[in-house]
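Note that my numbering gives residue 188 to position 22 of the sequence shown, counting from 1, and the numbers run on in steps of one. All C-beta atoms, glycine included, are put in the ideal place defined by N, C-alpha and C. Here's the structure, in structure tokens; my notes come after.
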Amino acid sequence: MLHRNNTHIDDIDFLIPHQPSVRILEEVAKRVSLPWKKVMTNMDRYANTSGGTIPIMLHETVSKGKLKDGDMVLFAAVGAGWTWATSLYKW
């Protein structure tokens, strides 16, 4: 996704992922060299909200005024059977 869009991980302001567990999110952030402060999570309040995770987390991030004009947001989700999807959005 990043290569295809001429973007580097350093350009990402926020990652809003599906949240299977904090441990998995920490490992993903570590492997792609993304600072943990850029990973939006609400696992401490709701646990795994499945398909609702990304819209809930986007709503919370917007409501808290964290997203600014021009921010790059990477959305990432996984599903059953080795399915996955990403979306890159310039706010």
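Given this structure, state the Cα-to-Cα distance separating residue i from residue j, to the nearest angstrom.
i      : j      : result
Lys203 : Thr219 : 18 Å
His184 : Tyr255 : 16 Å
Leu168 : Val198 : 11 Å
Leu224 : Gly247 : 25 Å
Pro221 : Asp210 : 17 Å
For residue i, name the three-state secondary structure that DSSP assigns.
i      : result
Ile182 : strand
Trp257 : coil
Val228 : helix
Ala251 : strand
Gly236 : coil
Of the residues the options, which one's Cα is nearest the Cα of residue i?
i      : options                : result
Leu191 : Ile178, Met206, Asp177 : Met206
Trp257 : Ala243, Met209, Gly231 : Gly231
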